[in-house]
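Under our numbering, read the sequence shown as residues 51 to 276, first letter to last. Working notes for the structure below.
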Amino acid sequence: MILEQNLDKIETLYNTIAKAYAETFSGEHEKKPKDQEILHKFSLKIGDRKPVWDFGCGPGQTTQYLKNLGIEISGLDLAEKALEQTRTLHPEISFRKGNMLDLDFENNSIAGVVAFYAIVHFTEAQVERAFREIFRVLKPDGIFLFTYHIGAETIHVEESFGKKVDIDFIFHTTDFITSCLNKSGFTSLEIIERDPYPGVEYESRRAYVFATKSTEVGEGNRSSNL
51 MILEQNLDKI ETLYNTIAKA YAETFSGEHE KKPKDQEILH KFSLKIGDRK PVWDFGCGPG
111 QTTQYLKNLG IEISGLDLAE KALEQTRTLH PEISFRKGNM LDLDFENNSI AGVVAFYAIV
171 HFTEAQVERA FREIFRVLKP DGIFLFTYHI GAETIHVEES FGKKVDIDFI FHTTDFITSC
231 LNKSGFTSLE IIERDPYPGV EYESRRAYVF ATKSTEVGEG NRSSNL
């Protein structure tokens, strides 16, 4: 098992497949009713609080969906060349390059963070670091919504969209995710698991997680809807 995934490999992957990836995943939420339900729920929870950021935004499909719901939102991604295309697709939204493991934001400065499958290339050590960073930048009572593939396997991929690549896709168990969030300081965890939509997405079980930054120190409480 690798201790950490090379961030250059992640950036190279998405810069290499940017056009095909955007064509495939733009508008994907329209095919996934549970995605829509969860994103609407986030919009109700966050209300008019700001700023809100989409971390690991990719081609901006989630960013745009939330903007259409009235959320003032910006996007952040590691892959600069991919972001050039994202900015063309969504010119009314601000996007910038950034690293979830070393966020260039002040403490307690963000009202809400969304990160759909943004940890899919992260090892356990990197997930822990990302959660600590997100906790740091969130305001008290800030909301963190993210998704992940459930499991314990690591899948090595050498070709994607007809391009040669070298990357690992890493699944995580719900027990690990819960423990990691609690250690980072998050509370009021809500975990919603679902089966994949056949023919629409990769055939893996996956989860949505709502976590809140509390001003109180202590372990979080887990509420799981399976």
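Beta carbons: idealized from backbone N, C-alpha and C, even for Gly. Keep in mind it's a predicted model, so treat the numbers as computed, not measured.
Measuring straight from C-alpha to C-alpha, what distance separates residue i and residue j?
i: residue 183; j: residue 151; result: 7 Å
i: residue 215; j: residue 193; result: 34 Å
i: residue 64; j: residue 58; result: 10 Å
i: residue 226; j: residue 161; result: 25 Å
i: residue 230; j: residue 178; result: 6 Å
i: residue 141; j: residue 114; result: 10 Å
i: residue 94; j: residue 116; result: 11 Å
i: residue 243; j: residue 197; result: 9 Å
i: residue 181; j: residue 241; result: 16 Å
i: residue 76; j: residue 136; result: 10 Å
i: residue 236; j: residue 263; result: 5 Å
i: residue 80; j: residue 74; result: 12 Å
i: residue 156; j: residue 238; result: 23 Å
i: residue 91; j: residue 67; result: 31 Å
i: residue 260; j: residue 195; result: 5 Å
i: residue 207; j: residue 250; result: 20 Å
i: residue 204; j: residue 220; result: 5 Å
i: residue 128; j: residue 265; result: 30 Å
i: residue 234; j: residue 173; result: 16 Å
i: residue 101; j: residue 185; result: 15 Å
i: residue 149; j: residue 163; result: 14 Å
i: residue 252; j: residue 78; result: 12 Å
i: residue 232; j: residue 99; result: 24 Å
i: residue 273; j: residue 103; result: Unreliable positioning characterises residue 273 in this predicted model, as indicated by a pLDDT of 42, which lies under 50. A coordinate reading is not provided.
i: residue 271; j: residue 69; result: Here the model assigns residue 271 a pLDDT of 40, short of 50, so the residue's position is not dependable and the matter cannot be decided.
Between the options, which has its C-alpha nearest residue i's C-alpha?
i: residue 71; options: 246, 213 and 240; result: 213
i: residue 131; options: 187, 54 and 61; result: 61
i: residue 86; options: 119, 252, 217 and 251; result: 119
i: residue 83; options: 203, 246 and 202; result: 246
i: residue 165; options: 88, 249 and 248; result: 88
i: residue 201; options: 238, 149 and 222; result: 222
i: residue 108; options: 208, 256 and 139; result: 139
i: residue 97; options: 78, 191 and 173; result: 191
I'd like the span of the beta strand (DSSP E) that includes residue i, first residue to last.
i: residue 243; result: 236-244
i: residue 208; result: 204-210
i: residue 262; result: 256-263
i: residue 146; result: 145-147
i: residue 126; result: 123-127
i: residue 132; result: Taken as a continuous stretch (DSSP letters only), residue 132 belongs to no beta strand (DSSP E), being part of the alpha helix (DSSP H) at 130-139.
i: residue 162; result: 160-166
Which two residues bound the contiguous alpha helix (DSSP H) that contains residue i?
i: residue 179; result: 174-187
i: residue 89; result: 83-96
i: residue 100; result: No alpha helix (DSSP H) holds residue 100; DSSP gives it neither H nor E.
i: residue 219; result: Counting along the chain, residue 219 falls outside any alpha helix (DSSP H), though it belongs to the beta strand (DSSP E) covering 213-220.
i: residue 60; result: 57-66
i: residue 116; result: 111-118
Rounded to the nearest angstrom, how far is the Cβ of residue i from that of residue j, given a contact under 8 Å?
i: residue 171; j: residue 254; result: Not quite, the Cβ-Cβ distance comes to about 15 Å (not below 8 Å), so this is no contact.
i: residue 210; j: residue 189; result: Not confirmed; about 37 Å, so no contact.
i: residue 218; j: residue 111; result: Wrong, their Cβ atoms sit about 23 Å apart, outside the cutoff.
i: residue 105; j: residue 175; result: With 8 Å as the limit, residue 105 and residue 175 do not qualify as a contact, their Cβ atoms being about 18 Å apart.
i: residue 153; j: residue 187; result: 5 Å
i: residue 257; j: residue 224; result: 6 Å
What I want to know is whether the C-beta of residue i ends up closer than 6 Å to one or more non-hydrogen atoms of the ligand ZN.
i: residue 209; result: Judged by which ligands are present, the structure shown has none, so any question about the ligand ZN falls away.
Exercise for the section: May I ask you to verify whether the stretch 145-160 touches the stretch 106-124, counting CB pairs closer than 8 Å and requiring at least 3? Expected result: With a cut-off of 8 Å, the stretch 106-124 and the stretch 145-160 count as touching, because enough Cβ pairs lie within range.
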